[in-house]
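Here is the structure we will look at, set down as structure tokens.
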Amino acid sequence: MSNPNQWLFSIDALHHTPSSSEPLEKVLYDLSRGVEFLFRLGTSLKLPSPALFTAATWFHRFYMRYSLQDFHRQDVAAACVFLATKTEECGRKLRDVAKVYHSKLSGVDPNRIPPDCKEVDQYQTVILLTEEYLLQAICFDFTVESPHADLVDLFVSIPDDRPVQEYAWTFAHDSYRTPLCILHPPRIIATACFVLAQYVAEGPNSLPLDARISFSAPSASLPTPPSHKAASPDASRLALDFFALSEHDVQDVIDALAFLLEYYSVQDLVAHPHLQDISVIQPPKARTPREPMYKSFGQFVAGTTEAPGRTPISSHGNTPSHPSNAPSSNAS
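The sequence shown: position 271 = 271 (the working numbering), numbered continuously.
Here it is in structure tokens:
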């Protein structure tokens, strides 16, 4: 049985990955775009959510071993998706994955791609060769746990609160656009997402994040602004109590919350106006203050030279090809 802790890294490790020749904020941006492309690819293939979460986890693990400069994020995303279709028992033919991949890059409807399309042939080769490196990177360890599974257990055990559940599920989904899955165990991420969901769902009179995740339960006599529904200190600790978190665990939840909120704070709000309220939430006080790791995604979008598409290059020997790092105009 694999040890899940072997896939957990310190936050400082993000500064020392094989991609560290690039500024960290650019690496984090590229990883986010890679996972976004992975989700789009998997959704078009109608894969179940667990397969997408498994593939996204492998994506982050891969780039702790290999560089973004050597392996294009879209190639790795496609290889992760193809491998996940096999391990998660939702098999898809390699050619179908390659065809949808080509469709995403070219903007051509998959149904209009001819059966003898040479680009699809080449993408099949790229996916297979990248998969070889992926298997080495993940050490043939196919066991992946997601915070969504922990959230399901939590939802079953508490009173039904649909808005909180929907927010928590979305935050957990978005967490894969960050390296959180290689920084913290699933239950820590699940707790962070649930606490943030409670905060957002309860609105302006919500108990502060710092009070929600203090190791000691907040006093029931804390002053609460007038509201039709006062925040309950006991309810605010549902996730912490359900997962029986230790004081050290609670500090990890604080770090995970801070990381996730930092990610939201740099989003392009013109492109994603629905994130406006979330982007301004102040993170809880971290145990060890650190410099921000993310910078505005808008600056990278503005500084990106878009290309009409990437043409796959035939591979030679056992070394996979890696087309230009310029993204296509309709792909992440």
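Ideal Cβ placement from N, Cα and C applies to all residues, glycine included.
| Item | Value |
| --- | --- |
| Rounded to the nearest angstrom, what separates H15 and A244 at their Cα positions? | 32 Å |
| What alpha helix (DSSP H) runs, 4 residues minimum, are completely inside the stretch 71 to 114? | 73 to 87 and 94 to 106 |
| In or out: S10 buried (at least 16 other Cβ within 10 Å) or exposed? | exposed |
| Anyone know if the C-beta pair for R177 and E36 falls short of 8 Å? | yes |
| Out of L41, Q69 and D255, which has the shortest C-alpha to C-alpha gap to V81? | L41 |
| At what residues does the alpha helix (DSSP H) containing W58 begin and finish? | S49 to F62 |
| Give the DSSP-derived three-state secondary structure of Q267 in the structure shown. | coil |
| Would Q267 be called buried (16 or more neighbouring beta carbons within 10 Å of its own) or exposed? | buried |
| Could you compute how far the alpha carbon of F71 sits from the alpha carbon of A13? | 19 Å |
| Report yes or no: do three or more beta-carbon pairs, one from the stretch 269 to 279 and one from the stretch 202 to 211, lie closer than 8 Å? | no |
| Could you tell me the distance, in whole angstroms, from the CA atom of I188 to the CA atom of V253? | 5 Å |
| Would you grab the beta carbon distance between L134 and L180 for me? Rounded to a whole angstrom, and I think it's under 8 Å. | The pair is not a contact, with the Cβ atoms about 20 Å apart (cut-off 8 Å). |
| Measuring alpha carbon to alpha carbon, tell me which of V152, V120, I113 and P284 ends up nearest P186. | V152 |
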